[in-house]
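Note that the protein sequences, when read in sequence, are chains A and B.
Taking the UniProt record's numbering, the leading residue of the first sequence gets 1, the next gets one more, and so forth.
Taking the UniProt record's numbering, the leading residue of the second sequence gets 1, the next gets one more, and so forth.
Each remark here refers to the structure printed beneath this line.
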Amino acid sequence: MSDRRRINGPVGATIPPASEDGASREVAGSRGGRSRPPNAIRKMYLKTGVTPSASGSAYLEIETSGRSGVSGLKLSCTVHGPRSLPRSSPFSPHIILSTHVKYAPFATRQRRGYLRDPSERDLGTHLEAALRGAIIADRWPKSGVDIIVSIIEGDQDRETSKTQGDESWDLMNALSGCITVASAALADAGIDCIDTVAGGVAALVSDKGDGNPSIVIDPIPSEHDRILAACCIAYLPTRDEVTNLWFKGDLPASDAELYTKLVEKGIQASAKANRVLVECLGETVG
Amino acid sequence: MASTQHVLLSPAELAYLHAALSLTPPIRPDGRAPAQFRPLIAETGILPGTNGSARICFADGTEAIVGVKAEVERTRLADGATAGTEWEEGGSARGEGEDDDGGDKAGDSDWVGLTVEIPGYRDDDAGTAFLGAMLSEALLADGAFARRLWINRRFHWKLYLDILLISPPLSYPLPLLSLTTHLALLATRLPLLKSEGDEDPFFDDDWAAARHLYPRGSGSSRTTKESARPPVTLLVMAVGNNIIFDPAKEELAVADVALAVSVAEDTAVATSTAATMDLDDAAVPAARSLRLLSIRTIDPPSRLTPPGVPNAANSAYGATTAQNQPEARTAEAEAVEGVWRAPRGGAKPLVMAALVQKVLEKGGVADEVLDALDAVDLG
Chain A
1 MSDRRRINGP VGATIPPASE DGASREVAGS RGGRSRPPNA IRKMYLKTGV
51 TPSASGSAYL EIETSGRSGV SGLKLSCTVH GPRSLPRSSP FSPHIILSTH
101 VKYAPFATRQ RRGYLRDPSE RDLGTHLEAA LRGAIIADRW PKSGVDIIVS
151 IIEGDQDRET SKTQGDESWD LMNALSGCIT VASAALADAG IDCIDTVAGG
201 VAALVSDKGD GNPSIVIDPI PSEHDRILAA CCIAYLPTRD EVTNLWFKGD
251 LPASDAELYT KLVEKGIQAS AKANRVLVEC LGETVG
Chain B
1 MASTQHVLLS PAELAYLHAA LSLTPPIRPD GRAPAQFRPL IAETGILPGT
51 NGSARICFAD GTEAIVGVKA EVERTRLADG ATAGTEWEEG GSARGEGEDD
101 DGGDKAGDSD WVGLTVEIPG YRDDDAGTAF LGAMLSEALL ADGAFARRLW
151 INRRFHWKLY LDILLISPPL SYPLPLLSLT THLALLATRL PLLKSEGDED
201 PFFDDDWAAA RHLYPRGSGS SRTTKESARP PVTLLVMAVG NNIIFDPAKE
251 ELAVADVALA VSVAEDTAVA TSTAATMDLD DAAVPAARSL RLLSIRTIDP
301 PSRLTPPGVP NAANSAYGAT TAQNQPEART AEAEAVEGVW RAPRGGAKPL
351 VMAALVQKVL EKGGVADEVL DALDAVDLG
């Protein structure tokens, strides 16, 4: 189904030429290595209550990496509700969550349309699973809440002119940001949760220099030579529970240790993001 | 959404089911063992107009068909120009470092188009998109699948997988769709290439000479690096301390946590053992090692079930507090034995790890399923 309501840009668009400043790149390695220690997440800025018309809202910005042309993630989330369901809908003993994740058309290197594509719907389903575990749903029977996350700027390296299949790994970073920002917006809207849920990503990467793959948290795909596996985790720290787990990659089953470690690191990343979240909410209250 | 469709079970029924499934060993409504699949009927090659097709019918009446169609497509170079226009310089520059089965044969995830159709649901429904994303993610996870579609540097096969559930979704259709896709891909054949090098592809028109996308048979035809079987996605859930495979709809309605785990056979090991142990065919399946490709949490419909009311809070049984104090209704009721409450929160990381471990263990369910699918006649 194509979008007939708006005048869209041409379909076969070209990518603007990017001049490659060869000298500086060669020194730093072809893709620029990771500048942070392996168990540090990027700095993030979180603020709640940015959209006055919504009942709850939050804005999340994740630091850009040191190189120019690489943008950080910028997310904005609005929560509308809880409000009563339309009369036509059947009785529900719980609050009905509906989550929408949408990339802005200009958020990524490849322009996105106004209609949500399957990958965005998929992200919405992941977000719903992550939040549903955190919300105390039976306190609002017969009501619904809309959670809308717009990704204003994706986490992509615009200078690399060739596509390296990084997009699928970018989704994980985007999801972890979506979970954190949606959790902050839910708290801002005053919807009861059992805990604040935050997202974290850990990845098994291999770099050119050393042969052994290593596990890093909060990976930027363009900083690594190859990502072998990654997992995104939504974690409730006070209950020590995972509400959403998304693992993707290629791991030998004989090495269960590797998988366990990856999940552990994901939980660690999520706990770090949670600290930022709790501090931000504390500021609002205090 | 397909996994969270409304389950018409009362709180009392849910509490009963949960209790029965938490016993050791669990008592499932259809009498299966915890790791037992529903019996199924499978056949391949049912659609003459496709490159490969399969149909699976589960005993509970759900049925799916998958058709695989392949088209030749011109490969786009990364800079956006088609390969044909800038062929001269591009070809000579890359020709030097050409490695026969190296990274030059890299595939692209765009070469596979996968659509899922579930009756009663819109094709842009979030649940359908989730199912489609899960199946294609598993297929493309190891990067070897797209490489199979490589013809030469200018052309590739574009594979369209159309997955149709032809019965109403009586249970969460993920295992059914995954097994059917697996069989259809095993049965898929592509015409034999007659042209050489980078010229326009020209194929043998004899269908009998067509080659399987996943070559079958003994180790000789297999290439070592690629897995010889498509992945399978298994649905597994935990209730209490029990791990239950292939849950029916009613069982999923009381799940504490549900995971979809995709695994594939790792043939790098299997072929080497097959070469050394020619004498003993039975030793080959034992040497199979699995690869973990993807895991997703399925939002269990149990979170959307109505809670039961304990007698102590029920005015029909003499409780008066609920009527007099409206505050008391919102206050948290203590969990009462035998009264259903929708689970809250997530799952402990250890429980999730146990679920994954159970899928991957040697001689476990994944092995059994792959063995069973091996027995299907591919025509």
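Note that beta-carbon positions come from the ideal geometry of N, C-alpha and C, so glycine has one too.
Everything numeric in this text was worked out from a predicted model, so none of it was measured.
Going by DSSP, residue 48 (chain A) is part of the beta strand (DSSP E) stretching over 44-48. Under the three-state reduction of DSSP output, residue 179 (chain A) falls in the helix class. DSSP places residue 178 (chain B) inside the alpha helix (DSSP H), whose first and last residues are 174-187. Classified as exposed, residue 110 (chain A) has fewer than 16 neighbouring CB atoms from the shown chains inside 10 Å of its CB.
Annotation for residue 257 (chain B): 238, 347 place their beta carbon closer than 6 Å to its own, counting only its chain and skipping 5 residues before and after. Residue pairing of residue 71 (chain B) in beta bridges, as defined by DSSP: B:158.
The DSSP assignment places complete beta strand (DSSP E) segments of no fewer than 3 residues inside the region 180-233 of chain A at 198-206, 214-217, in order along the chain. At a cut-off of 8 Å between beta carbons, residue 306 (chain B) contacts chain A.
In the structure shown, residue 260 (chain A) adopts helical secondary structure according to DSSP, grouped into three states. Each residue's CA atom was taken as its position, placing residue 265 (chain A) and residue 63 (chain A) some 20 Å apart. Taking residue 124 (chain A) as the centre and dropping the five residues before and after it, the same chain places the C-beta of 99, 100, 101 closer than 7 Å to its C-beta, in chain order. Residue contact with chain B for residue 49 (chain A): absent (no Cβ-Cβ distance below 8 Å to any residue of chain B).
Within chain B, no C-beta atom comes less than 9 Å from the C-beta of residue 265 (chain A); the nearest is roughly 12 Å away. For the region 247-258 of chain A, the beta-carbon criterion of a distance under 8 Å to any beta-carbon of chain B is satisfied by 247, 248, 249, 250, 251, 252, 253, 254, 256. Counting only the Cα atoms, residue 241 (chain A) lies some 25 Å from residue 11 (chain B). Residue 244 (chain A) sits in a strand when the DSSP states are folded into three classes.
The beta carbon of residue 155 (chain A) sits closer than 6 Å to those of 73, 170, 173, all from its chain and outside the five residues before and after it, given in chain order.
In this chain, the beta strand (DSSP E) harbouring residue 55 (chain B) covers 52-58.
Along the length of the region 108-157 of chain B, whole beta strand (DSSP E) runs at least 3 residues long occupy 112-117, reported in chain order.
The beta carbon of residue 62 (chain A) sits no closer than 8 Å to any beta carbon of chain B. Residue 80 (chain A) sits in a strand when the DSSP states are folded into three classes. With a threshold of 16 other beta carbon atoms within 10 Å, residue 266 (chain B) meets it and is buried. The C-beta distance from residue 52 (chain B) to residue 138 (chain B) rounds to 18 Å, too long to fall under 8 Å, and the pair is not in contact.
Residue 285 (chain A) sits exposed, since fewer than 16 C-beta atoms from the chains shown fall within 10 Å of its C-beta.
Note that the region 147-164 of chain B touches the region 173-190 of chain B; at least 3 beta-carbon pairs, one per stretch, sit closer than 8 Å. It is roughly 56 Å from the alpha-carbon of residue 139 (chain A) to the alpha-carbon of residue 212 (chain B).
Contact of residue 266 (chain B) with chain A by beta-carbon distance below 7 Å involves 252. For residue 294 (chain B), a Cβ of chain A is located within less than 8 Å of the residue's own Cβ. The DSSP-derived three-state label of residue 94 (chain A) is coil. Here the C-alpha atom of residue 226 (chain A) lies approximately 21 Å from the C-alpha atom of residue 264 (chain B). A check of alpha carbon separations from residue 186 (chain A) across A:87, A:107, A:76, A:249 identifies A:76 as the nearest.
Residue 260 (chain B) is not a Cβ neighbour of residue 118 (chain A), given a cutoff of 8 Å.
Here DSSP, grouped into helix, strand and coil, assigns residue 63 (chain A) to coil. Looking at the DSSP output, residue 252 (chain A) sits in a beta bridge with B:291. When the five nearest sequence neighbours on each side are left out, the beta carbons in the same chain lying within less than 7 Å of the beta carbon of residue 78 (chain A) are those of 51, 54, 57, 148, 185, in order along the chain. Residue 207 (chain B) counts as exposed, since fewer than 16 other beta carbons sit within 10 angstroms of its beta carbon.
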